[in-house]
Each structure stands twice: as C-alpha cells, then as structure tokens.
Amino acid sequence: DFDFAGRVGRVEPSATLAISNLANELEADGIDVVDLSVGEPDFDTPENIKDAAEASLEAGNTGYTSSNGIPELREAIADKLRADGIDCEAGNVVVTPGGKQALYEIFHTLIDQGDEAVLLDPAWVSYEAQAKMAGADLSRVDLSPYGFQLEPALDDLAETVSDDTELLVVNSPSNPTGAVYSDAALEGVRDLAVEHDITVISDEIYDEITYGVDQTSLGSIEGMGDRTLTVNGFSKAYAMTGWRLGYFCAPEAFVSQAGKIQSHSVSCAVNFVQHGGVEALRNTDEAVGEMRAAFRERRDMLAELLADHGVDVSVGDGAFYMMLPIDEDCEALAASDWGSGDEPRPVDQAWCEGAIQEAHVATVPGSAFGTPGYARISYAASQERLQEGVERLAEGGYI
Ligand code: PLP
Numbered sequence: 003d004f005d006f007a008g009r010v011g012r013v014e015p016s017a018t019l020a021i022s023n024l025a026n027e028l029e030a031d032g033i034d035v036v037d038l039s040v041g042e043p044d045f046d047t048p049e050n051i052k053d054a055a056e057a058s059l060e061a062g063n064t065g066y067t068s069s070n071g072i073p074e075l076r077e078a079i080a081d082k083l084r085a086d087g088i089d090c091e092a093g094n095v096v097v098t099p100g101g102k103q104a105l106y107e108i109f110h111t112l113i114d115q116g117d118e119a120v121l122l123d124p125a126w127v128s129y130e131a132q133a134k135m136a137g138a139d140l141s142r143v144d145l146s147p148y149g150f151q152l153e154p155a156l157d158d159l160a161e162t163v164s165d166d167t168e169l170l171v172v173n174s175p176s177n178p179t180g181a182v183y184s185d186a187a188l189e190g191v192r193d194l195a196v197e198h199d200i201t202v203i204s205d206e207i208y209d210e211i212t213y214g215v216d217q218t219s220l221g222s223i224e225g226m227g228d229r230t231l232t233v234n235g236f237s238k239a240y241a242m243t244g245w246r247l248g249y250f251c252a253p254e255a256f257v258s259q260a261g262k263i264q265s266h267s268v269s270c271a272v273n274f275v276q277h278g279g280v281e282a283l284r285n286t287d288e289a290v291g292e293m294r295a296a297f298r299e300r301r302d303m304l305a306e307l308l309a310d311h312g313v314d315v316s317v318g319d320g321a322f323y324m325m326l327p328i329d330e331d332c333e334a335l336a337a338s339d340w341g342s343g344d345e346p347r348p349v350d351q352a353w354c355e356g357a358i359q360e361a362h363v364a365t366v367p368g369s370a371f372g373t374p375g376y377a378r379i380s381y382a383a384s385q386e387r388l389q390e391g392v393e394r395l396a397e398g399g400y401i
C-alpha cells in the first residue's frame, strides 16, 4: 500500500473527465455526440505560427533554453503586456509550458499550509485543485446572483477578504461565464487588495477573445503593479492548446523564487515552440481577428437559439462559454429520479449525465466550477453543431 501525500487526497478527479469518458464511450459505440464540453478552440493553429516553429525545428532549436524562456519571447511578451498598460520588462516574464503550469508555480511559490486563497465562483476548475495541492484554505464569493459580474459583488468580496487573505484569483474574461469585469470592479479589487495586502492572480488567458468591449488588465490599474501576477498563454487566442505555451509576469523578487520551481520541475518550455510563440505575438492579429469574429457569431446564434426555447442566459462579452441555468422542472428531469433513489445527485450532474446519455449532447456540470444549478456550454464548435446541440436538448426535454 502507498502512503499517499495529503496533497493528492485533498483533490478530486476532474468532473470534466467523467463527461469526456462518457462521450468517448458513446462514440466508441458509434453514437454521434455533439461535444459542447471542450475548453479549446476548434480551429487549427494559424499557418504562420506553424511555419515559424517548423523553421525553428529545422534550424536545430531542439535543446534546452534558459529556464525562464528565450530572450526574444520574453521581450515579445513584455511588449504585449506594456501595450496592455502593465509595467513589464523581459526580466519580469517567466515562459512556462502552458498557463496551467504558470498558475501551478504561482500557487506553490506563495501558499503555505493553511494560507487563505479566495476564488470568485463560478471559477475555473483547476484554481481550486491547485490551491488545495499547495495547502490553501479556500474562501469563495458567489457571483451567480449578480449575473456573474464582479462589480455588484464587491460588498460580498469585502466581507470575505481580511488581513489573513494571502491570494485572490481574478479571471476576466471568465471561464466558465464569459463575463468581462468592469474597470470599477477591478478598482474595487485594488482597494481591497491594498487595504489587506493581498496578492492577486489575474488570469487573462481569454483577453484576446472579447466582443465589442476592451478587457482591462488588472496589473495596469494604479496601485496593482507590484501585487498582480498576470497569467496568460497561447492556447486560446492562437488555437495552440497542444503546444503547451504560457507565461506569467511578476515583480522580479517573485520571478526569482518561482523560477526555482520552474527550473527544478519542467526546466523550460519547448524550444521551437517558444519560437512559434514569438511569431504568434508579433504577426497573427488577422487570424486572431477572424477567430474572434467566428466566436462572436456563434455566441449570438447560440443565445438566440436558447432564447427561442425560453432559456435566458447571461451572455458574457468574452471567452467562448455560457452558463445555462438548469430548470429543475424540465421534462427530462421530471421523468428521471435524480433527486431520490439510492444515490441522489446534484441537479446539474443529473442534467448533464442525462443530456449526454439520452440527448447525446456533452456539457460540463456547474458544480465543477462551484455553482451547481448550471451547465457550461462551450461554443467553440461550428454553428451547425451548436444548432444540432440545442435541437437535441429541446427534443429531449432538457430545455
Ligand atoms: N486559465 C483558464 C481560465 C483556462 O480556461 C485555461 C484552460 O482551460 C487555462 C488557464 C490554462 O490553459 P493552458 O494551460 O492551455 O495555457
């Protein structure tokens, strides 16, 4: 028997995994599943980025790089962040194999056993897991009563944070709601962070995917430069999920501590992938614009289709997700024994399991994000598939 460490015991297996396992089983049986559960663009990586990485591979860039990243990429990232109003030099940047690894290093650099970390619910699944693995005690503020916006929830946040709070995680545009937080909300975060000396992670991985609004970087707000850890990555904006490339920007004192975790764990991000990253940041505005326009059309179409079926969703101004409120009285649930029986399940689990098994539409239960009562729909799928998905949900009595 293994004597497992507490950190793995504190973490649950991913709820999204259960859904994708189910989807895979159905597809193995030859069933067509409309998969609206995935958190990745359905586009291929733009050609110029692939070409740059290929050329770099051919040129022999196959060895380790310096642990914090190649200078050209750290410069390109610093340029991007300065354009966003963040005071950032190449020395403030650590290039990581994915935004997820950037977050992992941040949590493990800051959190000691029992430190308090605060999440805004619904929150992306891995914040909780990473915070807990690092030993944090979690406090949560529920944004769902406020249409998923942060500004009206600032009083609740003020009641939750204290001088004992070590870390707050802000994610705008948000996965899973698509919400983009207002400047007033970010200024409210600043006031609380300064008052209680809190460090704030600003996860801006969807910053390029906004529709008609500008996303403000938290680190550009006056007073936040020295307490914001800005996280970003290439997965979403450039359709590069499998390349594993991300980064964070932090004050130098933080970089030298977190850099130890990076150098003793992953060593560095993949060499030629980093060269692809330079091309992505320098020369890909057009392709990013095309993907943004496609996401926007899909968002509007999906919201309309749902409205046609009487479902009113809070439509966010960014990312490619929507939280669908689950009607406990819908036909499909009324016909099932979700709330009774030997193993009563939360309503969102019952709805999502039914939707995939009966209607063959895959979504993610809201409880994975701390808000049962919703299902997350990803609209990183073609208009045809979105239409098909909504039709199936309606026919199956799920909406
Ligand atoms: N942050 C958020 C909010 C995300 O949705 C994701 C991916 O799903 C990530 C970070 C991490 O992405 P990656 O590790 O691919 O850069």
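Residue numbers (full-length UniProt numbering): 3 to 401.
No residue lacks a Cβ here, since even glycine has one placed at the ideal position from N, Cα and C.
7 Å Cβ cutoff met for residue i and residue j
i, j, result
"residue 90", "residue 251", "yes"
"residue 315", "residue 307", "no"
"residue 75", "residue 279", "yes"
"residue 335", "residue 363", "no"
"residue 258", "residue 66", "no"
"residue 138", "residue 119", "yes"
"residue 140", "residue 133", "yes"
"residue 188", "residue 223", "yes"
"residue 398", "residue 332", "no"
"residue 325", "residue 147", "no"
"residue 382", "residue 43", "yes"
"residue 350", "residue 367", "yes"
"residue 54", "residue 277", "yes"
"residue 117", "residue 168", "yes"
"residue 313", "residue 401", "yes"
"residue 63", "residue 322", "no"
"residue 50", "residue 360", "no"
"residue 136", "residue 108", "no"
"residue 149", "residue 192", "no"
Minimum C-alpha distance to residue i - residue among the options
i, options, result
"residue 80", "69, 6, 57 and 93", "93"
"residue 320", "119, 151 and 245", "151"
"residue 21", "13, 35, 47 and 279", "35"
"residue 97", "261, 16, 111 and 303", "261"
"residue 380", "357, 300, 369 and 64", "300"
"residue 302", "286, 253 and 180", "180"
"residue 283", "229, 310, 242 and 9", "242"
"residue 217", "281, 6, 88 and 124", "88"
"residue 213", "318, 231, 281 and 359", "318"
"residue 155", "124, 165 and 169", "124"
"residue 211", "174, 135, 8 and 192", "174"
"residue 249", "63, 232 and 240", "232"
"residue 256", "63, 190 and 70", "70"
"residue 77", "15, 95 and 357", "95"
"residue 330", "322, 343, 142 and 347", "347"
"residue 157", "143, 149, 110 and 68", "143"
"residue 26", "5, 358 and 385", "358"
"residue 19", "30, 39 and 7", "39"
"residue 82", "287, 305, 296 and 385", "287"
Backbone secondary structure at residue i - three-state DSSP
i, result
"residue 324", "strand"
"residue 22", "helix"
"residue 53", "helix"
"residue 249", "strand"
"residue 360", "coil"
"residue 376", "strand"
"residue 81", "helix"
"residue 142", "strand"
"residue 63", "coil"
"residue 193", "helix"
"residue 235", "strand"
"residue 210", "coil"
"residue 330", "coil"
"residue 185", "helix"
Own chain, CB closer than 7 Å to residue i, minus 5 neighbours either side, in chain order
i, result
"residue 352", "335, 338 and 340"
"residue 41", "177 and 380"
"residue 16", "127"
"residue 84", "90"
Sequence-distant residues of its chain with Cβ nearer than 6 Å to residue i (five each side left out)
i, result
"residue 197", "none"
"residue 129", "121 and 171"
"residue 12", "134"
"residue 165", "198"
"residue 115", "137"
Cutoff 8 Å; reference residue i; Cβ partners in own chain excluding five residues on either side
i, result
"residue 369", "17, 348, 350 and 351"
"residue 285", "50"
"residue 377", "325, 326, 328, 350, 353, 354, 357, 365, 366, 367 and 368"
| said: Tell me whether the segment 182-202 and the segment 260-275 touch, counting them as touching only if at least three CB pairs, one residue from each stretch, are closer than 8 Å. | reply: Taking 8 Å as the limit for Cβ pairs, the verdict is that the segment 260-275 does not touch the segment 182-202.
| Quick one: any contact between the segment 368-377 and the segment 281-298, if contact means 3 or more CB pairs under 8 Å? | Touching, no, given that fewer than three Cβ pairs across the two stretches are closer than 8 Å.
| request: Determine contact between the segment 190-207 and the segment 378-392, defined as no fewer than three beta-carbon pairs at a distance below 8 Å. | output: Result no; under three Cβ-Cβ pairs closer than 8 Å.
| query | Three or more beta-carbon pairs under 8 Å between the segment 231-239 and the segment 98-105, yes or no? | reply | Under the 8 Å Cβ criterion, the segment 231-239 counts as touching the segment 98-105, having at least three qualifying pairs.
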